[in-house]
Ligand SMILES: CC(C)(COP(=O)(O)OP(=O)(O)OC[C@H]1O[C@@H](n2cnc3c(N)ncnc32)[C@H](O)[C@@H]1OP(=O)(O)O)[C@@H](O)C(=O)NCCC(=O)NCCS
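Residue numbers (our numbering): 10 to 286.
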């Protein structure tokens with residue numbers, strides 16, 4: 010039996026609260042819609058990112074229902090996971106390029122047509138990857154993370170996942186963002202359109218970002234997110250620690266800084282090569 014999308018939210022909420030014999034069927038309908046991108050963990054409403062807590066509840070329901078199983082998916086390899094979270098299946102018609110070599114995409118992650126995934130990458134349940142985006146080698150798109158269009162998620166960059174707490178906002182990378190190699194973006198950080206994160210930038214809710222252009226310090230907002238402004242170019246820097254002990258020992262602390270806002274030079278350095286697409 011397939012549940013209509015309209016009643017799905019109610020069913021998920023109620024199964025999350027008090028599990029019944031229908032829980033497997035509710036979860037299966039839920040996972041199909043998550044997988045096809047019809048439902049999402051985060052949505053942009055009038056420029057503001059809103060978390061759909063019920064979608065996170067649905068994923069948690071799947072973990073609760075899951076039984077550890079040996080999963081043999083037809084490839085020479087088998088693996089061991091909760092039976093509720095098999096690998097996502099693709100066909101050529103999906104128009105997604107997955108270069109061979111250890112990539113794993115869990116069912117319940119949405120991958121738009123024209124996305125390219127270099128090996129090995131891991132894309133977790135509830136993640137949403139929009140069209141023309143490149144996920145490079147050793148990248149992680151954590152559970153529920155949102156990645157916009159034409160994003161370059163460079164080698165070894167990590168987008169943290171968030172299932173709990175239920176109301177916590179996932180990491181959001183908006184359209185045309187360049188995430189440099191070895192970046193780590195965690196705890197509901199929002200990177201606005203066309204921003205550029207230089208190699209090795211780490212952002213989490215506790216990392217103040219120093220904007221050298223506007224002479225301001227960006228700290229987490231009332232929803233607990235660091236928001237990197239549109240077009241900002243962020244690089245990994247450091248700043249002096251003020252205590253006398255720290256000064257005595259010449260200590261500094263890692264600090265992301267906005268050194269400029271995107272210009273032609275940045276565009277040239279971060280341009281995506283059409284022929285590779
Ligand atoms: C951020 C980046 C794109 C440079 O942007 P840009 O607009 O060309 O920056 P500019 O060269 O104009 O530099 C502006 C200032 O920031 C400094 N700067 C630039 N990139 C920096 C970095 N990554 N770390 C520290 N400082 C940096 C420059 O020295 C310059 O400072 P100055 O004005 O005092 O000389 C580049 O440094 C970068 O990190 N690219 C990503 C590379 C990568 O990871 N590729 C992945 C391939 S898989």
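Glycine included, every Cβ here is placed at the ideal spot set by N, Cα and C.
In this text the structure is predicted, and so the values were computed from the model without any measurement.
In terms of Cα proximity to residue 273, the closest of 39, 242 and 87 is 242. Comparing alpha carbon positions, the residue from 225, 167, 113 and 130 closest to residue 197 is 167.
If the five residues before and after residue 139 are omitted, its C-beta is found closer than 7 Å to the C-beta atoms of 121, 156, 157 and 158, all from its own chain and listed in chain order. Taking the Cα positions, residue 208 is about 4 Å away from residue 189. A Cβ-Cβ contact shorter than 8 Å links residue 133 with residue 170. With a threshold of 7 Å, the Cβ atom of residue 163 counts as near ligand 1, since some heavy atom of the ligand is closer than that. Note on geometry: alpha-carbon atoms of residue 153 and residue 257 lie some 44 Å from one another. Of the candidates 41, 271, 246 and 82, the residue whose Cα lies closest to the Cα of residue 116 is 41.
Counting other Cβ atoms within 10 Å of its Cβ, residue 76 stays below 16 and is therefore classed as exposed. In the DSSP assignment, the residues bridged to residue 167 are 149 and 193.
The way I'd put it, the segment 39 to 58 doesn't touch the segment 124 to 133; fewer than three beta-carbon pairs between them come closer than 8 Å. Apart from sequence neighbours up to five positions away, the residues of its chain that approach residue 35 with a beta-carbon distance below 7 Å are 12, 20, 21 and 24, ordered along the chain.
Cβ atoms of residue 204 and residue 237 come within 8 Å of each other, at about 5 Å.
Cα atoms of residue 52 and residue 259: separation of roughly 45 Å, rounded to the nearest angstrom.
Restricting attention to 83, 271, 107 and 113, the CA atom closest to the CA of residue 202 is found in 271. Here residue 95 is near residue 80, since their CB atoms are less than 8 Å apart. Of the residues 46, 73 and 64, the one whose Cα lies closest to the Cα of residue 28 is 73. For residue 245, the shortest C-beta to heavy atom distance toward ligand 1 is below 7 Å.
Residue burial annotation: residue 263 is exposed, with fewer than 16 other C-beta atoms found within 10 angstroms of its C-beta.
At least one heavy atom of ligand 1 falls within 7 Å of the beta-carbon of residue 269. Residue 278 has its CB nearer than 7 Å to a heavy atom of ligand 1.
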